[in-house]
Structures are given as structure tokens and as C-alpha cells.
Amino acid sequence: MEFCYTLGKITNADMGVAVRLARIATAFIVTAALLLPVRVCLAASAQDNLQNRATRKPYSPSRIEKGLESPQREQWQQPDRVVAALGLQPGDVVADVGAGSGYFSFRLAKTVGSGGKVYAVDIQDEMLAYIRAKMQKTGITNIVPVKSTPIDPMLPPGCCNSILLVNTYHELGDPVALMKNLRKALKPGGIIAIVNWNESVTRKKLYVPMDLLVEQMKLAGFRPSKSHDFLERQYFLVFSQLN
């Protein structure tokens, strides 16, 4: 009888542990199920964007000036206000990822001054050539054009106080991988600021839902720390590094 009683106590204890483990397993399964659509969406978006880049025609200087450098862009993009919102200081180092024509790079260079530096990062040779030509024309010397890959910004480790992506996030084939590499380029306390098209955009392939972007950034080791709502066509989020 004593053996049966002891066995019963062990069984009850084991049952309690089993129940707790079952609850943990259930929570894990539910979480995985909720994240599955996000992962599927990420994979589909990555494939589409990689195909688009492979077939895209190079930008000519005239096309760059007509589109990316259009005078009308200043009205809705509010570049000076975006740069001011970053809180940059003279001497800071900034990366403009997806720099394109350098529309923001040259404004950032003016803000950080001669003691600072701007890495103008892009995967397209014609964009970097346009930036170099404009540097020669304007005499700007604190911009460093950088040829990147889709997932590697090719930046020195721990070099940047801030990283800015404008109208670029929707182009990323593997945003989590790129953001993890961008995190390596940040100094302690450094931030990433993202400006991308909101739901009002007519070309829906340019739109990345804000909650999806935040989820991807969390997977890369970031948390949202600030947002700005002065842009009509875009959302503007600032992310800090998770500890």
C-alpha cells in the first residue's frame, strides 16, 4: 500500500509538470501560427522584388532629374523637415541607404558639416555615378558613395549615428537580413529612420503595411521609438536597437 501511495504522489507531480508544458507548447504553436502569414508574405515580397530588380532598366541622368530630383518632390517629401526630425549634430556619421540620386544625401551632408560624413548607399551603379558627378559639381566632399548588395550595405562596423531609408523599404528582397547587417553598422544608441509609402499610394506594390514593417524590424533587433505624421503620402518611423 505504501508503494502505491508514493507512486500516486509522483504521478500527480508529473501531471502538474505535464500540464504546464502543454500550456507552453500550445502558446508556442499559436504564436507560430500567427507569424506564419507574415513569413509567407515576406517570402513572396522578397521574390517579387528580386525579379523586379533583375529586369529594371538603368536610370539615365535625364530620367533621374525628371523623377527623383523633380522640383515638385520637395512639396510632398518635405526633405528638410525629415532631416531636421533626425536630430543630427555636426560631426555625426549617417548612412542614406537606397540613396538613389542623393536627394537626401546632400542635405544630410550639409547638416553634419565638414566634420561629419554621409555614406550614400545604393545597389545601382548609375545612381552612384550621378552622386559622384554632383559631388564634383557642388564641391561637396563629405559624402562617400557605397555600392551595396541587396542584403549587405557594405558599411564599416559601428560607424553610424543614424541610418535613413526613404522610399526604399518596399524594394528590399530580404528586409530582415539587411536590417540585421545595418544594425552592425550602428554605434551604440544609434537609430534607423524609415520613410515609406502609406496606404494612400496608388501603386500598391510600393506599400508595406506599418505593422508588418514593425514586425520585421523586431525580428532584426529593433523596436519603434518614435513616429512623425507630417507627411501625407508616407509614414515616418524611428527605430532604436533592442538590448
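Heads up: take any position in the sequence shown, counting from 1, add 3, and you land on this note's numbering. Virtual Cβ for every residue (Gly too), placed ideally from N, Cα, C.
Residue i versus the options, residue with shortest Cα-Cα distance
i	options	result
S165	R206, K120, N246, K207	K120
V198	I67, S73, R84	R84
E202	F239, I126, M157, D177	F239
G94	T152, K113, Q127	K113
D99	Q78, L189, S73, K140	L189
P148	G161, G142, C163, I126	I126
G90	L167, K150, G142	L167
Q139	D128, Y172, K150, F109	F109
Q244	K183, R206, D214	K183
K150	D177, G142, E129	E129
T152	G161, T141, D177	D177
Which of helix, strand or coil DSSP assigns to residue i
i	result
Y210	coil
Q139	helix
Q81	coil
I92	According to the sequence shown, residue 92 is Gln rather than Ile. It is coil, neither helix nor strand.
Q219	helix
P227	strand
L245	coil
I166	strand
I154	coil
N145	coil
F233	coil
L240	strand
N199	strand
V204	coil
I134	helix
S48	The predicted model places S48 with a pLDDT of 48, which falls under 50 and marks its position as unreliable; any figure quoted below should be read in that light. Of the three classes helix, strand and coil, the one that applies to S48 here is helix, per DSSP.
D177	coil
Q54	Note that Q54 scores a pLDDT of 46, beneath 50, so its modelled location is shaky; the value from the coordinates is reported in the next line. Q54: helix per DSSP, three-state reduction.
I32	Here the model assigns I32 a pLDDT of 48, short of 50, so the residue's position is not dependable, and the following value carries that caveat. DSSP places I32 in helix when its eight states are reduced to three.
I67	helix
Beta-carbon gap between residue i and residue j smaller than 8 Å
i	j	result
A102	A88	no
W210	V217	A quick correction: the sequence has Tyr, not Trp, at residue 210. Cβ distance not < 8 Å, so Y210 and V217 don't count as in contact.
V96	L111	no
L3	P156	The structure shown has nothing for residue 3, since the chain only spans 4 to 246.
N170	W200	yes
L1	Y106	The requested residue 1 is not part of the displayed model; the chain covers only 4 to 246.
I195	F242	yes
W79	R236	yes
H173	K137	no
Cutoff 6 Å; reference residue i; Cβ partners in own chain excluding five residues on either side
i	result
L181	I154, L175
V179	Q219, L222, A223
M213	Y238
Neighbourhood of residue i by C-beta, 8 Å cutoff - its chain only, sequence neighbours within 5 removed
i	result
S117	T144, N145
C163	V96, V97, A98, Y122, A188, L189, K190, G193
R135	P148
V86	F107, R110, L111, T114
Spatial neighbours of residue i in its chain, beta-carbon cut-off 7 Å, leaving aside the 5 residues before and after
i	result
I67	S104, Y133
H231	A88, F239
P82	Y106, F107, R110
Any non-hydrogen atom of the ligand MG within 7 Å of residue i CB
i	result
R186	What this structure holds is no ligand at all, so the ligand MG is not there to describe.
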